Amino acid sequence: DTGVSQDPRHKITKRGQNVTFRCDPISEHNRLYWYRQTLGQGPEFLTYFQNEAQLEKSRLLSDRFSAERPKGSFSTLEIQRTEQGDSAMYLCASSGRDSNQPQHFGDGTRLSIL
Amino acid sequence: GNSVTQMEGPVTLSEEAFLTINCTYTATGYPSLFWYVQYPGEGLQLLLKATKADDKGSNKGFEATYRKETTSFHLEKGSVQVSDSAVYFCARANYGGSQGNLIFGKGTKLSVKP
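Just so you know, the protein sequences line up as chains A and B, in that order. Each residue of the first sequence is one higher than the last, beginning at 239 in the numbering used here. Each residue of the second sequence is one higher than the last, beginning at -12 in the numbering used here.
The following block contains the structure:
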């Protein structure tokens, strides 16, 4: 069990640029979640996949955000035309088929918008 | 609404002191409840969980009991160590059992002094 892996760990970019983050869940975990965490706050839910299907998106996920999980394994989160307010830690979590299994989190990708 | 409220920090204790971090939740039904811990520079780690009323979750000397009547899940430890210094997050599942995304409190920062 190698845990949830996220890449990159840090991303610094200029406002208006596009960024893409990757998440590799624990193998055989069919559920994958994206959260956003800002300083001094708890993580806030963005979106959720079960296998390759994106089953839920929060209102926080504006139309500049898109997430995919094409083969039901790794997932990507893209932010287009980044804004200052997008600066945050982006967390990925995965859980298994049993509905009582807890979510396991990666170390996150910290995004800084200049 | 559906939310999680935990006591604000920071909390500063001396080594071997007793710790309580309060957490209350609002929800329809009886979702699973969790405590996650975030050590400096690391991702969220599951500390303990409880899936139904009167369940007690425990791990590493920490305990929390699912209290339906008071809608609470307070975290306790009898004797804290310097290595327990971290941010602690209370969370609940958004749906029944452990399904769906997690709803987090804002986190409580704990500093333990030698």
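Yeah, the Cβ is synthetic: ideal placement off N, Cα and C, and Gly gets one too. Computed from a predicted model, the values in this text were never measured in an experiment.
Can you name the residues that DSSP bridges to residue i?
{"i": "histidine 267 of chain A", "result": "DSSP lists no partner for histidine 267 of chain A."}
{"i": "leucine 6 of chain B", "result": "B:Lys64"}
{"i": "threonine 285 of chain A", "result": "A:Trp272, A:Lys295"}
{"i": "glutamine 244 of chain A", "result": "A:Cys261"}
{"i": "lysine 96 of chain B", "result": "B:Val74"}
{"i": "arginine 253 of chain A", "result": "Per DSSP, none; premise fails for arginine 253 of chain A."}
{"i": "leucine 349 of chain A", "result": "A:Lys249, A:Ala326"}
{"i": "valine 69 of chain B", "result": "According to DSSP, which records beta bridges pairwise, valine 69 of chain B is partnered with nothing at all."}
{"i": "leucine 277 of chain A", "result": "The partner list for leucine 277 of chain A (beta bridge, DSSP) is empty, contrary to what the question assumes."}
How many angstroms separate the CA atom of residue i from the CA atom of residue j?
{"i": "phenylalanine 259 of chain A", "j": "lysine 249 of chain A", "result": "9 Å"}
{"i": "glutamate 266 of chain A", "j": "glycine 334 of chain A", "result": "7 Å"}
{"i": "threonine 13 of chain B", "j": "threonine 57 of chain B", "result": "10 Å"}
{"i": "tryptophan 338 of chain A", "j": "threonine 38 of chain B", "result": "Residue identity differs from the one stated: residue 338 of chain A is asparagine in this sequence, not tryptophan. Taking the straight line from one Cα to the other gives about 8 Å."}
{"i": "tryptophan 22 of chain B", "j": "asparagine 81 of chain B", "result": "15 Å"}
{"i": "glutamine 255 of chain A", "j": "arginine 319 of chain A", "result": "5 Å"}
{"i": "leucine 298 of chain A", "j": "leucine 31 of chain B", "result": "21 Å"}
{"i": "isoleucine 90 of chain B", "j": "arginine 302 of chain A", "result": "23 Å"}
{"i": "leucine 329 of chain A", "j": "leucine 0 of chain B", "result": "29 Å"}
{"i": "proline 263 of chain A", "j": "histidine 61 of chain B", "result": "30 Å"}
{"i": "proline 101 of chain B", "j": "phenylalanine 49 of chain B", "result": "19 Å"}
{"i": "threonine 7 of chain B", "j": "glutamate -5 of chain B", "result": "12 Å"}
{"i": "serine 59 of chain B", "j": "tyrosine 53 of chain B", "result": "6 Å"}
{"i": "aspartate 245 of chain A", "j": "phenylalanine 343 of chain A", "result": "13 Å"}
{"i": "proline 27 of chain B", "j": "valine -2 of chain B", "result": "15 Å"}
Taking a contact to mean a Cβ-Cβ separation below 8 Å, would you say residue i touches residue j in this structure?
{"i": "glycine 94 of chain B", "j": "phenylalanine 76 of chain B", "result": "yes"}
{"i": "glutamine 68 of chain B", "j": "valine 24 of chain B", "result": "no"}
{"i": "proline 285 of chain A", "j": "alanine 326 of chain A", "result": "In the sequence as displayed, the identity of residue 285 of chain A is threonine instead of proline. For threonine 285 of chain A and alanine 326 of chain A, no; Cβs fall outside 8 Å."}
{"i": "leucine 270 of chain A", "j": "arginine 307 of chain A", "result": "yes"}
{"i": "glycine 92 of chain B", "j": "threonine -8 of chain B", "result": "yes"}
{"i": "alanine 51 of chain B", "j": "glutamate 63 of chain B", "result": "yes"}
Can you pull the chain C residues whose beta carbon is under 9 Å from the beta carbon of residue i, in chain order?
{"i": "tyrosine 328 of chain A", "result": "Protein chains A and B are contained in the structure displayed, whereas chain C is not."}
Can you list, in chain order, the residues of the stretch 27 to 55 of chain B whose Cβ is nearer than 8 Å to any Cβ on chain A? So the list reads Glu29, Gly30, Leu31, Gln32, Leu33, Lys36, Thr38, given in the order they occur along the chain.
Which complete alpha helix (DSSP H) runs does the stretch -2 to 59 of chain B hold, if anything under 4 residues is left out? The stretch -2 to 59 of chain B contains no complete alpha helix (DSSP H) run of 4 or more residues.
For the stretch 12 to 24 of chain B, enumerate the residues whose C-beta is nearer than 9 Å to any C-beta of chain A, in chain order. Listed in sequence order: Ser19, Phe21, Tyr23.
Pick out the complete beta strand (DSSP E) segments inside the stretch 298 to 341 of chain A, 3 residues or longer, and give them in chain order. Those beta strand (DSSP E) runs which fall completely within the stretch 298 to 341 of chain A and span 3+ residues are 303 to 306, 313 to 317, 326 to 333.
Can you give me, in chain order, the residues of the stretch 332 to 351 of chain A that have a beta carbon less than 9 Å from any beta carbon in chain B? Residues of the stretch 332 to 351 of chain A with a C-beta less than 9 Å from any C-beta of chain B: Ser333, Asp336, Ser337, Asn338, Gln339, Pro340, Gln341, His342, Phe343, Gly344, Asp345, Gly346, listed in chain order.
Against chain B: residues of the stretch 246 to 272 of chain A by CB proximity under 8 Å: Identification of residues in the stretch 246 to 272 of chain A having a C-beta nearer than 8 Å to some C-beta of chain B yields Tyr271, given in sequence order.
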